[in-house]
Amino acid sequence: MSATILSVKDITPVPPAVLEALRSAERIALAGHVTPDADCLGVIGAMQLGLRQLGKQTAAAMPAGSVSRKLQFMVDLASLHPAHASELAACDAALIMDTAKEKRVNIDGKLEALPSARIINVDHHASNTGYGDVQWIEGTRSSSCEMVYEILRGLACEITPEIATLLYAGIHSDTQGFSLSNTTSRALQVAHELAECGANVVETCEKLCRSYNASEFALLKVIYANTRISEDGRLGWSTADYDEIHSAGCTAEDIDDQVEVVRSIEGVRVAILFTEGKRGKVRMNFRGDRGLPVLDLAKQFGGGGHDMAAGAILDGTVPEVAERVLAAAREYIPANA
């Protein structure tokens, strides 16, 4: 089913410069952020399938071992294969998606690995730094997959069932099953159109929400056991250090939405998950409720993201980082609630 037959109103047009840059390129590198989630993989996979309809050559940047087991179905659906450095270096354009900062680009060597490429930056993170030659940054979008849907329509690509499933997975994931405040009417409209185009809604939900293996479930038990709440009940957090993560049989790539364990506690306004997937590197996932955004809190530690969902990474041990960040959070909540 072709996306061009769908009736769509009141949408923000894709900047013509983005479409022109893609149309004029012959070989396009596709990349997202480190530790890719469903939104990131969805845009890479969907753009590869769409651009190849137009006769474009593509090179997907996905360092080996960077995709979690749970999301491998998206890699398989799009037939994604990690590009060699020489393939990336030969590209005349690079579409970097869902990546707020250049240092988060999931390419060995970052943008320096793309010496001949015109950099196209497409992202729904309001904290995006605006790197690149052409940008489309729209922080009101539910996901980068929602934006890529508009790009593919603008390029007159056919929205095949495979493309529809990849994009639906990204929207479903970034809205937590259409339950967060970024679940706009436009996001729901796009999800509906993707279902009309053949997105496999049931299997996507099974893969994203009901597919823990024994190791991932063991890690989830650690998160539950380590969950703590402040005396006033407004701040919740949990931790998993390097040894706990690897003893469970998991790696850094398996850290995804476990912060929702803490966020689901009644009364918690700010939820934080501290994880040490790589020794000495502590990743923080922040979640806020609708009246208390957490982006500014994450920015205090060099992070970014969205108002209600943000992240940051600090060097140190989990206890060291947690002590520092929790102290800031205890001051942040009463000042912003």
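Numbering (this note's numbering), first residue to last: 1149 to 1485. Just so you know, even glycine gets a beta-carbon here, dropped at the ideal spot from N, CA and C. All of these numbers come straight from a predicted model, not from anything done at the bench.
Using only CA atoms, which one of the options lies nearest to residue i?
i	options	result
H1229	V1410, T1288, F1365 and G1193	G1193
S1359	A1476, S1264 and R1217	R1217
G1213	D1256, D1187 and T1206	D1256
T1183	M1195, M1210, R1417 and P1164	M1210
E1168	R1266, L1474 and V1469	R1266
N1484	M1295, R1438 and D1463	R1438
Q1406	S1386, L1225, T1399 and D1391	S1386
R1289	D1322, I1461, E1306 and C1357	D1322
V1473	A1457, C1353, H1454 and M1432	M1432
A1373	E1392, I1461, D1380 and N1361	E1392
A1457	L1243, E1468 and S1275	S1275
Q1205	L1328, G1464, A1231 and V1349	A1231
C1398	S1292, V1215, T1375 and L1197	V1215
V1430	R1417, E1468 and R1252	E1468
I1170	A1233, G1278, R1301 and D1224	It is Leu, not Ile, that sits at residue 1170 in the sequence shown. The residue with the shortest Cα to Cα distance from L1170 is R1301.
Whole angstroms is fine: what's the gap from residue i's alpha carbon to residue j's?
i	j	result
I1176	G1203	11 Å
T1107	A1248	This structure cannot speak to residue 1107, because the chain is shown only from 1149 to 1485.
V1466	G1459	15 Å
A1388	A1304	46 Å
D1185	Y1316	13 Å
T1331	A1476	29 Å
C1188	D1444	23 Å
L1336	F1422	32 Å
N1254	G1325	26 Å
M1222	K1355	10 Å
Q1448	V1282	28 Å
L1199	R1334	24 Å
V1338	G1318	12 Å
G1428	M1245	28 Å
D1404	E1250	21 Å
V1409	D1402	15 Å
H1273	L1314	19 Å
C1353	Q1220	14 Å
I1481	V1349	38 Å
L1440	A1207	40 Å
G1280	G1451	19 Å
T1152	R1376	At T1152 the pLDDT is 34, less than 50, meaning the model places this residue with poor confidence; the figure from the coordinates comes in the next sentence. The straight-line gap from Cα to Cα measures roughly 50 Å.
E1306	Q1201	8 Å
G1287	E1414	28 Å
G1381	A1446	20 Å
E1424	H1340	38 Å
H1320	S1327	9 Å
G1453	D1463	19 Å
In the DSSP output, what is residue i paired with across the bridge?
i	result
A1460	M1432
K1426	K1429
R1376	W1385
R1175	Q1205
D1246	The partner list for D1246 (beta bridge, DSSP) is empty, contrary to what the question assumes.
N1269	I1244 and Q1283
A1419	G1384 and R1435
P1230	A1208
V1113	It is not possible to answer for residue 1113, since the shown part of the chain is limited to 1149 through 1485.
G1198	None; G1198 has no bridge partner.
Among residues of its own chain, excluding the 5 on either side of residue i, which ones have a beta-carbon nearer than 7 Å to its beta-carbon?
i	result
A1396	S1363, A1366, L1367 and V1370
A1312	L1342, C1345, G1346 and A1347
R1411	A1419 and R1435
S1172	none
V1191	G1180, M1245, D1246, S1292, C1293, V1296 and G1318
Q1196	L1178, T1206, A1208, A1226 and L1228
E1471	none
S1155	The pLDDT assigned to S1155 is 36, lower than 50, so where the model puts this residue is not dependable, and the model offers no usable value.
To which residues of the same chain is residue i closer than 6 Å at the C-beta, ignoring the five residues directly before and after it?
i	result
I1299	V1162
W1284	P1163, V1166 and V1270
D1455	P1441 and L1443
A1242	A1177, L1262, A1265 and I1267
M1149	Confidence at M1149 is low in this model, with a pLDDT of 34, below 50, so the placement of that residue is unreliable and no value is reported for it.
Compute every distance between the C-beta of residue i and the non-hydrogen atoms of the ligand PLP, then say whether any falls below 7 Å.
i	result
A1226	The ligand PLP is not among the ligands present in this structure, which contains no ligands whatsoever.
Excluding the 5 residues preceding and the 5 following residue i in the sequence, name in chain order all residues of the same chain whose CB lies nearer than 8 Å to its CB.
i	result
R1478	S1378 and L1383
K1426	Y1390 and A1400
G1278	N1269 and I1285
Inter-stretch contact at 8 Å, needing at least 3 Cβ pairs: the region 1229-1241 / the region 1259-1267: Yes, since at least three Cβ pairs between the region 1229-1241 and the region 1259-1267 fall closer than 8 Å, the two stretches touch.
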